[in-house]
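Engineer:
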Amino acid sequence: MNLAWRDVRHNLFRFVLTCLGLSLLMAVVLAMIGIYNGLVADALNIVKAPQVDLWVVESGTQGPFAEASKIPGSTRDAVARLHGVAEAGSIAYQTVEASDAGRPLRLYVIGYEPGHPGGPLTIAEGRGITQTHFELVADRKSGLGVGDVIGLGRDSFAVVGLVENTMNSGGDPAVFITLSDAQTLQSQLAPPAQRVQTARGAGLLESADTVAAVIARLEPTADPLDVASTVRQWKHLGALTQHEQETILIGSVVDRAKRQIGLFLAILLTVSAVVIALIIYTMTMEKLKQIATLKLIGAPDRTIVGLIVQQSLALGMVGWSFGLVLILLIKDYFPRRVVLEPVNAAALAGIIIVVCIAASGLGVRAALKVDPATAIGG
Amino acid sequence: MDPLRQPLIEIAGVSKHFGEGETRVDALRNIELTVRRGEVVALLGPSGSGKTTLLNIVGCIIDPTEGRVTLDGELVYDNRWLRGDLRRLRLDKIGFIFQFHNLLPFLNARDNVALVLSLAGRPAAEAQARAAELLDYLEVGHRAAAMPALLSGGEAQRVAIARALANSPRIILADEPTAALDSKRAGIVMDLLRKLAAEQDACIVAVTHDEKIYDRFDRLFHLRDGVLENEKGEET
Chain H
1 MNLAWRDVRH NLFRFVLTCL GLSLLMAVVL AMIGIYNGLV ADALNIVKAP
51 QVDLWVVESG TQGPFAEASK IPGSTRDAVA RLHGVAEAGS IAYQTVEASD
101 AGRPLRLYVI GYEPGHPGGP LTIAEGRGIT QTHFELVADR KSGLGVGDVI
151 GLGRDSFAVV GLVENTMNSG GDPAVFITLS DAQTLQSQLA PPAQRVQTAR
201 GAGLLESADT VAAVIARLEP TADPLDVAST VRQWKHLGAL TQHEQETILI
251 GSVVDRAKRQ IGLFLAILLT VSAVVIALII YTMTMEKLKQ IATLKLIGAP
301 DRTIVGLIVQ QSLALGMVGW SFGLVLILLI KDYFPRRVVL EPVNAAALAG
351 IIIVVCIAAS GLGVRAALKV DPATAIGG
Chain E
379 MDPLRQPLIE IAGVSKHFGE GETRVDALRN IELTVRRGEV VALLGPSGSG
429 KTTLLNIVGC IIDPTEGRVT LDGELVYDNR WLRGDLRRLR LDKIGFIFQF
479 HNLLPFLNAR DNVALVLSLA GRPAAEAQAR AAELLDYLEV GHRAAAMPAL
529 LSGGEAQRVA IARALANSPR IILADEPTAA LDSKRAGIVM DLLRKLAAEQ
579 DACIVAVTHD EKIYDRFDRL FHLRDGVLEN EKGEET
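Protein chains in written order, with this note's numbering: chain H, 1 to 378; chain E, 379 to 614.
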């Protein structure tokens with residue numbers, strides 16, 4: 001005879017209400033985990049999207065995502081000729097503030113060379129860029145649709161295709177344009193002082209044909225570390241393997257957000273533990289007379305401990321389940337991606353089990369201290 | 379000695395005090411009491427006289443400061459007894475009936491009775507069958523599926539009696555068993571307890587203030603300031 005279940009069934013309405021309250025807390029915890037995963041996934045998406053093995057960047061920098069990198073556009077030809085390199089492409093990154101039908105739109109502009117690595121791999125709707133100028137492929141989260149026209153800098157771009165899940169670590173949706181358009185956009189958006197310098201002729205020394213990085217796909221037999229080492233022999237260039245680039249991104253760009261969310265998660269879990277402990281303690285205190293009666297009629301301590309711990313676990317697990325269902329239902333309405341992996345939900349379940357057992361300690365302690373004599377009047 | 383008149387409860391020189399020094403309270407003083415099989419005895423006395431303390435000592439809930447307590451031939455409260463052993467002794471040999479029945483509100487009448495049998499290790503089906511049998515015997519079988527909140531006072535007390543009898547205990551301790559009942563139902567419950575004591579070779583010790591049922595007891599004992607006196611006012 002399972003006393004915990006019988007007691008829950010007897011007070012089912014109150015139990016369900018309590019679980020619902022707890023599930024909101026669980027949903028927030030899961031949302032935070034999902035937001036963090038989304039942050040990392042978005043950041044890595046941009047790095048992984050070109051599906052390359054090597055990133056050639058400005059010497060002494062950590063690539064185009066962690067800090068500014070500017071190298072000559074001609075670098076691509078030099079890299080493409082290296083032993084072990086199958087193909088290479090130049091790429092430029094820039095964040096711009098545009099306007100779409102009166103609403104401000106922050107976009108992460110990726111300039112690439114059509115026919116070379118760096119462009120969108122899968123087009124969800126429409127087509128890829130086929131013209132040299134003024135075509136654009138946008139992430140669906142930007143709110144743009146195929147056929148829309150949007151102004152970037154002084155030029156207007158037609159949206160010809162849509163991609164999905166392509167955002168930077170800040171959550172800005174990406175748009176792809178040709179490298180030459182991106183370079184023009186960069187010069188158009190330069191600060192007024194730069195334009196003044198250019199007008200005076202000082203800027204003429206600086207070539208407009210600069211890119212953020214050159215990316216390369218290697219032959220299957222080539223070792224990325226060897227090729228990177230070769231590139232570094234050109235003193236003005238640095239090289240990062242794909243793995244190094246991802247590590248830098250996670251380690252530096254996403255690190256602070258990760259710690260922030262991690263701390264918030266710890267606070268939420270502590271609050272959950274306190275809430276569960278209080279609920280279980282209150283439920284136990286309401287049952288002191290019944291516990292005294294159970295002890296008096298000869299129930300062993302393990303029966304009483306089982307009653308409390310099982311109810312605590314049921315509360316946690318039902319709260320977790322409701323919370324999981326809730327977050328799965330609403331996650332697509334978040335402005336940023338919420339990515340929940342089964343392992344996250346399973347890890348939270350494990351944590352909740354530990355929290356419930358620990359939280360029920362207070363109730364168990366109170367129950368074990370109950371004197372069976374209190375069941376007898378006087 | 380007639381085996382049917384063997385003592386089930388033997389209390390010899392039992393004293394109990396709480397606190398020390400100026401705060402010391404002598405709840406029981408040198409109590410001598412023997413209750414035999416089939417006997418139904420009452421403990422009377424004003425509030426604070428030590429009735430509940432004596433019931434708790436016989437019920438293996440608190441230990442005496444001095445003296446010997448023998449229950450169904452077993453000397454308890456010596457160094458051999460652990461807390462778990464006393465719990466087991468309560469489960470096997472002692473049945474409790476409370477003033478307000480103390481049925482678990484989340485179990486129906488049958489499960490309240492079956493619980494005691496389950497705790498004693500009886501299989502679920504056997505426990506349920508025995509519980510149903512006891513409820514039928516106490517004429518509340520038709521209310522077996524009812525939750526305690528839906529039972530009348532008399533029905534709830536009968537279910538509580540069925541629970542107390544579930545493990546066929548030798549000793550039944552009752553705390554104001556008729557206090558929550560009207561005089562007619564109180565008489566019926568007491569007659570039932572007398573019948574059960576006779577049929578099951580058990581003894582019943584009841585704490586009561588209910589004068590209307592005094593005639594249902596074989597012996598009456600008065601507790602005054604922790605001293606036990608028989609119906610003639612003589613110290614036991």
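Think of the CB as a built atom: it goes at the ideal place given N, C-alpha and C, for glycine as much as any other residue. Note that the structure is predicted; figures quoted are calculated from it, not measured.
Check the Cβ-Cβ distances between V689 of chain E and every residue of chain H, and say whether any is below 8 Å.
Structural biologist: Residue 689 of chain E is absent from the structure shown; chain E starts at 379 and stops at 614.
Engineer: Measuring only the C-alpha atoms, how far is E388 of chain E from N608 of chain E?
Structural biologist: Distance between the alpha carbons of E388 of chain E and N608 of chain E is about 15 Å.
Engineer: Residue ranges of each alpha helix (DSSP H) run of no fewer than 4 residues wholly in the segment 75 to 128 of chain H, ordered along the chain?
Structural biologist: Runs of the alpha helix (DSSP H) inside the segment 75 to 128 of chain H: 75 to 80.
Engineer: So that I know if they touch, is there some Cβ in chain E lying closer than 8 Å to that of Q290 of chain H?
Structural biologist: Closer than 8 Å to some Cβ of chain E, the Cβ of Q290 of chain H qualifies, so yes.
Engineer: CB L551 of chain E to CB L433 of chain E, shorter than 8 Å?
Structural biologist: A contact, by the Cβ cut-off of 8 Å.
Engineer: Please say whether D569 of chain E and R594 of chain E have beta carbons closer to each other than 8 Å?
Structural biologist: It is a contact, given that the beta carbons lie within the stated cut-off.
Engineer: D7 of chain H touches chain E at which residues, Cβ-Cβ below 8 Å?
Structural biologist: Those within 8 Å of D7 of chain H in chain E are F484.
Engineer: May I ask you to report which of helix, strand or coil DSSP gives H479 of chain E?
Structural biologist: The answer is coil: DSSP assigns H479 of chain E none of H, G, I, E or B.
Engineer: Go through its chain and collect everything with a Cβ distance to V318 of chain H's Cβ below 6 Å, but skip five positions before and after it.
Structural biologist: Answer for V318 of chain H: C19, listed in chain order.
Engineer: Using a Cβ-Cβ cut-off of less than 8 Å, list which residues of the segment 289 to 312 of chain H approach chain E; keep chain order.
Structural biologist: Within the segment 289 to 312 of chain H, the residues whose Cβ lies closer than 8 Å to some Cβ of chain E are K289, Q290, T293, L294, K295, L296, I297, G298, A299, P300, T303, listed in chain order.
Engineer: Suppose you measure from the CA of A216 of chain H to the CA of S321 of chain H; what does that come to, to the nearest Å?
Structural biologist: Taking the straight line from one Cα to the other gives about 45 Å.
Engineer: Any residues in the segment 553 to 567 of chain E with a beta carbon nearer than 9 Å to a beta carbon of chain H? Which ones, in chain order?
Structural biologist: Correct list: D553, E554, A557.
Engineer: Where does the unbroken alpha helix (DSSP H) through K429 of chain E begin, and where does it stop?
Structural biologist: Here the alpha helix (DSSP H) through K429 of chain E covers 429 to 436.
Engineer: Name the chain C residues whose beta carbon is nearer than 9 Å to that of I279 of chain H?
Structural biologist: In the structure shown, chain C does not exist; the protein chains are H and E.
Engineer: Which residues in the same chain have their Cβ closer than 8 Å to the Cβ of G378 of chain H, if we skip the five residues on either side of it in sequence?
Structural biologist: Confidence at G378 of chain H is low in this model, with a pLDDT of 46, below 50, so the placement of that residue is unreliable and no value is reported for it.
Engineer: What is the C-beta distance between A257 of chain H and L30 of chain H, in whole angstroms, given that I count them as a contact (C-beta under 8 Å)?
Structural biologist: Not quite, the Cβ-Cβ distance comes to about 17 Å (not below 8 Å), so this is no contact.
Engineer: Let's test the definition: count the other Cβ atoms within 10 Å of the Cβ of A158 of chain H and tell me whether it reaches 16, buried, or not, exposed.
Structural biologist: It is exposed - the Cβ of A158 of chain H has fewer than 16 other Cβ atoms within 10 Å.
Engineer: Would you call the CB atoms of G89 of chain H and Y112 of chain H closer than 8 Å?
Structural biologist: Yes, the pair counts as a contact, with Cβ atoms nearer than the cut-off.
Engineer: Ends of the beta strand (DSSP E) at N2 of chain H?
Structural biologist: Premise fails: N2 of chain H is in no beta strand (DSSP E) and is neither H nor E.
Engineer: Counting only beta-carbon atoms, is L469 of chain E nearer than 8 Å to chain H?
Structural biologist: Yes, L469 of chain E lies at the interface with chain H (some Cβ there is under 8 Å from its Cβ).
Engineer: What did DSSP end up calling S530 of chain E once you bin it into helix, strand or coil?
Structural biologist: S530 of chain E: coil per DSSP, three-state reduction.
Engineer: What are the boundary residues of the beta strand (DSSP E) that includes P385 of chain E?
Structural biologist: 385 to 396 is the span of the beta strand (DSSP E), which, as asked, contains P385 of chain E.
Engineer: Evaluate F396 of chain E with the Cβ neighbour count: other Cβ atoms within 10 Å of its Cβ, from every protein chain shown; 16 or more gives buried, anything less gives exposed.
Structural biologist: Exposed: under 16 other Cβ atoms inside 10 Å.
Engineer: Mind checking the segment 411 to 435 of chain E against chain H and listing, in chain order, the residues whose C-beta falls within less than 8 Å of any C-beta there?
Structural biologist: Taking 8 Å as the Cβ-Cβ cut-off against chain H, the residues of the segment 411 to 435 of chain E that qualify are S425, K429, T430, L433, N434.
Engineer: Under 7 Å Cβ-Cβ, which residues of chain E neighbour H10 of chain H?
Structural biologist: Per Cβ cutoff of 7 Å: P483, F484.
Engineer: Output needed for D223 of chain H: all residues of its chain with C-beta closer than 8 Å, excluding positions within five of it in sequence on either side, in chain order.
Structural biologist: Closer than 8 Å at the Cβ level, and outside the excluded window around D223 of chain H, lie G84.
Engineer: Take V164 of chain H and list the residues in its own chain whose beta-carbon comes closer than 6 Å to its own, dropping the five residues that flank it on each side.
Structural biologist: The residue asked about is misnamed: residue 164 of chain H is Glu in this sequence, not Val. So the qualifying residues of the chain are A124, R140.
Engineer: For G378 of chain H, name the three-state secondary structure that DSSP assigns.
Structural biologist: Because the pLDDT of G378 of chain H is 46, which lies under 50, any placement of that residue in the model is unreliable, and the question is left without a value.
Engineer: Step through the CB atoms of chain E and report whether any lies within less than 8 Å of the CB of A367 of chain H.
Structural biologist: Chain E, which has no Cβ nearer than 8 Å to the Cβ of A367 of chain H, makes this no.
Engineer: Is Y333 of chain H buried or exposed, if buried means 16 or more other CB atoms sit within 10 Å of its CB?
Structural biologist: Exposed, by the Cβ-count rule.
Engineer: Residues of chain H with CB closer than 9 Å to the CB of D616 of chain E, please, in chain order.
Structural biologist: The structure shown does not extend to residue 616 of chain E, since chain E is modelled only from 379 through 614, so no value can be given for it.
Engineer: Taking the straight line between their C-alpha atoms, what separation do you get for I353 of chain H and S169 of chain H?
Structural biologist: Computed Cα separation, rounded: 33 Å.
Engineer: Considering only the alpha carbon of each residue, which of E:R597, E:R521, E:C581, E:H600 lies closest to R383 of chain E?
Structural biologist: Cα-wise, what sits closest to R383 of chain E is E:C581.
Engineer: Following the continuous alpha helix (DSSP H) through V16 of chain H, name the residue where it begins and the one where it ends.
Structural biologist: Residues 12 to 48.
Engineer: Under the DSSP definition of a beta bridge, which residues are partnered with E135 of chain H?
Structural biologist: Per DSSP, H:A158.
Engineer: Answer yes or no: does any C-beta atom of chain E fall closer than 8 Å to that of M379 of chain H?
Structural biologist: This structure cannot speak to residue 379 of chain H, because chain H is shown only from 1 to 378.
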